[in-house]
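Trainee: This is the structure I have questions about; it appears just below.
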């Protein structure tokens, strides 16, 4: 009864707020629907989409030999690629330069949500801020567009907001219902209230004590790096000369004969892979470099003040069993006032994010402090029977948000995610701020400004309703054809369909025969993930040029499990080496660069720091004796250490086969002083770290425990204890 009364009371509490927003929402909805109709009709006049994707070499050649472009975009993130796509579909001669890989920065390091921003709507209402409201409204409209333009890469996701105090129920219910209302006809699904029992049924890992109930609302989720790449590839198919690993060295300028002013007329570019430099000239240059916005602006004018204040957001990935397959969790008020999401993604669980001022860098590194903060918040919401272990963090990364702000501001929490388009005296157009979800609207506003400022001949935006790479012939059952026609595993087929859309058939066609009865084709890169070797070959066609490109953005291995990515690296480098004609030295360099990337940027360092030669041993005496006994089963000669030979001998005695390379990897994980052997002290440090939850999934620990149990079962039972013989 109390629950029902609270829900009924909620309607009275929220009625006034809903009425306040309703008028604005309906007017905005009518205006945007009318505009969208015009845009969809205009899209029919877009240039012809090419069936053939140009190679990177062809794109570099086009940049050098195509003469003056109408639009040149600097930056290959979501916004930059969106600008290139918008310009190309309007018939403008377009170029795009990215000094690293497409989506190598912030665009691949997001929370993977396509959302309007529940917390921004809360601020809009509490502060009567129409600009915040307008931003949320636009983001919700763009959310719907993004889900429709790439349905293979995105999908609606229900997110649960658990309620632990009765008064919070009407408060949050009103806020979530307003979120639905602002979305209008673009609302994915209506939010709803759950009883305590139903909430625990859907999210059994939740903390039960004091749980009142829950509210579930819907937002979108996507594969961010693949979405970014789809935008870039679509732009290329519409004729844009797009190139990754093409660095802008400086801006080119000319004197306007009419005004006598200096005007930007192109850039000096360097092909990072070949080292060759050349000029690319354009009527309009657009700066869409995210956190690096101010560095490009200062190429134009050294005295210009900063408009971007970067903020770091750290995320962690944990095993999939920490969350249900299709239900996220929102913590709306953490211990320090931030918001934490806890979401299923790619059969794993993402938790994040933090929000703190940072310096701009191409290689942001997650800190142990941020990781532990996220783990602490997760523990507050999960039941006592779910042990949240530091060792279960499989990957961690930091992304830099390009927030637009007053440079003197210190509180990044109060900064809006609105985007701004600025035009310098020399004609450089800068697009800054914004969020992933609104990339298309940001691109539209930027190209509109470019057309007006530089008198370019082009029509209105044509990207509303435009389907991205892989979406045209995709259907939810496409994976079945992949299984039936090519003999792929069902899991692999589903992965290919949801990653490449209708282009999955191109990947399947080049998949290698396994030599097994089933699957017929599709050799996996690592056993526990559905990524196959053919994706590496296809990734090169998608402009991947480094091993880091492959493990982090063509596949998402680095973001899902750094150890699995590390294991897959040698094979990935071999395949890429054949495709790109790498020499042995080049392959070695690529392997080392990728390992460095995993170690620092994807959390491998903070993971390995959990077990070092300085780690304390905090075991009770009985545990120490138990582990010493287990160790001595392998160290028969009482040397004080074990080697590969010792492990092989024990495994042979219990009829277990394991190749020497794998054994070397297993021992190397625990060989803290890297002397080729595992001492007793190192083994005790490992077992202590496992007990504390700082290390999990140690292959040596599991192997030794399993071997010990096997040997015990094989011990001969004395006749006097067996009850005699026959």
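In UniProt numbering, the protein residues as written are 1 to 726. We put the beta carbon where it would ideally sit given N, CA and C, even for glycine. Being a predicted model, the structure only gives us computed values, none of them experimental.
Grouping DSSP H, G and I as helix and E and B as strand, with all else coil, what is residue 215?
Mentor: In the structure shown, residue 215 sits in a strand (DSSP, three-state: E or B).
Trainee: Between residue 730 and residue 289, what straight-line distance do the alpha-carbon atoms span, to the nearest angstrom?
Mentor: The question about residue 730 has no answer here: the residues shown for the chain are numbered 1 through 726.
Trainee: For residue 345, count neighbouring Cβ atoms within 10 angstroms of its own Cβ and tell me buried if that reaches 16, exposed if not.
Mentor: It is buried - the Cβ of residue 345 has at least 16 other Cβ atoms within 10 Å.
Trainee: Quick test of the definition: if touching needs 3 or more C-beta pairs under 8 Å, does the segment 614 to 621 touch the segment 557 to 573?
Mentor: In short, these stretches do not touch, since the Cβ pair count stays below three.
Trainee: Return the CA-CA distance between residue 544 and residue 631, expressed in angstroms with no decimal places.
Mentor: Cα to Cα, residue 544 sits roughly 46 Å from residue 631.
Trainee: Does DSSP classify residue 56 as helix, strand or coil?
Mentor: Note: residue 56 maps to helix in three-state DSSP.
Trainee: For residue 507, collect the residues of the same chain with a Cβ closer than 7 Å to its Cβ; drop the 5 residues on either side in sequence, then sort them by chain order.
Mentor: 496, 500, 534, 535, 538.
Trainee: How many whole angstroms separate the CB atoms of residue 88 and residue 238, which I take to be in contact at a CB cut-off of 8 Å?
Mentor: With 8 Å as the limit, residue 88 and residue 238 qualify as a contact, their Cβ atoms being about 4 Å apart.
Trainee: In the DSSP assignment, find the alpha helix (DSSP H) that holds residue 82 and state where it starts and stops.
Mentor: Start and end: 78 to 89.
Trainee: Taking residue 364 as the reference, which of 315, 330, 193 has the closest Cα?
Mentor: The shortest Cα separation from residue 364 among 315, 330, 193 belongs to 315.
Trainee: With DSSP run on the structure shown, which of helix, strand or coil describes residue 423?
Mentor: Strand at residue 423.
Trainee: Leaving out five residues before and five after residue 704 in sequence, what residues of the same chain have Cβ atoms less than 6 Å from its Cβ?
Mentor: Closer than 6 Å at Cβ, skipping near neighbours: 630.
Trainee: Between the C-alpha atoms of residue 250 and residue 52, what's the straight-line distance to the nearest angstrom?
Mentor: Distance between the alpha carbons of residue 250 and residue 52 is about 32 Å.
Trainee: Less than 7 Å between the C-beta atoms of residue 437 and residue 141, yes or no?
Mentor: Their beta carbons are not under 7 Å apart, which means residue 437 does not touch residue 141 by this criterion.
Trainee: Compare the C-alpha of residue 106 against each of 361, 253, 197 and name the closest.
Mentor: Comparing Cα positions, the closest option is 361.
Trainee: Going by beta carbon distance, what residues of the same chain come within less than 8 Å of residue 557, once the five residues before and after it are set aside?
Mentor: Cβ neighbours of residue 557 beyond the five flanking positions: 525, 526, 529, 531, 551, 564, 565, 568.
Trainee: For residue 609, tell me which candidate among 636, 670, 593 has the shortest Cα-Cα distance.
Mentor: Of the listed residues, the one whose Cα sits closest to residue 609 is 670.
Trainee: Distance check for residue 343 and residue 378, CA to CA, integer angstroms please.
Mentor: Rounded to the nearest angstrom, the two C-alpha atoms are 11 Å apart.
Trainee: Short check: CB of residue 160 to CB of residue 329, under 7 Å?
Mentor: Result yes, Cβ atoms of residue 160 and residue 329 sit closer than 7 Å.
Trainee: For the beta strand (DSSP E) containing residue 397, list its first residue and its last residue.
Mentor: Note, residue 397: beta strand (DSSP E), 395 to 404.
Trainee: Give the secondary structure of residue 152 by DSSP, where H, G and I count as helix, E and B as strand, and everything else as coil.
Mentor: Three-state result, residue 152: coil.
Trainee: Any idea if residue 664 is buried or exposed, counting beta-carbon neighbours within 10 angstroms, 16 or more meaning buried?
Mentor: That one is exposed.
Trainee: Taking three-plus beta-carbon pairs below 8 Å as touching, is the segment 681 to 697 in contact with the segment 592 to 612?
Mentor: Contact holds: three or more Cβ-Cβ distances are below 8 Å.
Trainee: Which residue marks the beginning of the beta strand (DSSP E) containing residue 346, and which one marks its end?
Mentor: Taken as a continuous stretch (DSSP letters only), residue 346 belongs to no beta strand (DSSP E), as it is neither H nor E.
Trainee: For residue 483, tell me which candidate among 519, 503, 473, 462 has the shortest Cα-Cα distance.
Mentor: Considering only alpha carbons, the answer is 519.
Trainee: Among 349, 334, 308, which has the Cα closest to the Cα of residue 327?
Mentor: Here the closest residue by C-alpha is 349.
Trainee: In its own chain, which residues sit with a C-beta less than 7 Å from the C-beta of residue 54, not counting the 5 before and 5 after it?
Mentor: The answer, listed in chain order, is 236.
Trainee: Report buried or exposed for residue 310, applying the criterion of at least 16 other Cβ atoms within 10 angstroms of its Cβ.
Mentor: That one is buried.
Trainee: Please report the distance separating the alpha-carbon of residue 226 from that of residue 244.
Mentor: Each residue's alpha carbon lies about 15 Å from the other.
Trainee: Determine the direct distance from the alpha carbon of residue 707 to that of residue 651, and round the result to whole angstroms.
Mentor: Approximately 7 Å, taken between the alpha carbons.
Trainee: Does the pairing of the segment 57 to 76 with the segment 208 to 216 give three or more beta-carbon distances under 8 Å?
Mentor: Result no; under three Cβ-Cβ pairs closer than 8 Å.
Trainee: Can at least three beta-carbon pairs, one atom from the segment 117 to 129 and one from the segment 375 to 391, be found at a separation below 8 Å?
Mentor: The segment 117 to 129, when compared against the segment 375 to 391, does not touch it at the 8 Å Cβ threshold.
Trainee: In this structure, does DSSP put residue 313 in helix, strand or coil?
Mentor: Residue 313 falls in the strand class under three-state DSSP.
Trainee: Run the CB neighbour count on residue 223, radius 10 Å, all protein chains shown included, and call it buried at 16 or more, exposed below.
Mentor: Under this definition residue 223 is a buried residue.
Trainee: Straight-line CA distance for residue 448 to residue 73?
Mentor: Going from the Cα of residue 448 to the Cα of residue 73 covers about 14 Å.
Trainee: Taking the alpha helix (DSSP H) that residue 486 belongs to, which residues open and close that run?
Mentor: Counting along the chain, the alpha helix (DSSP H) containing residue 486 begins and ends at 478 to 486.
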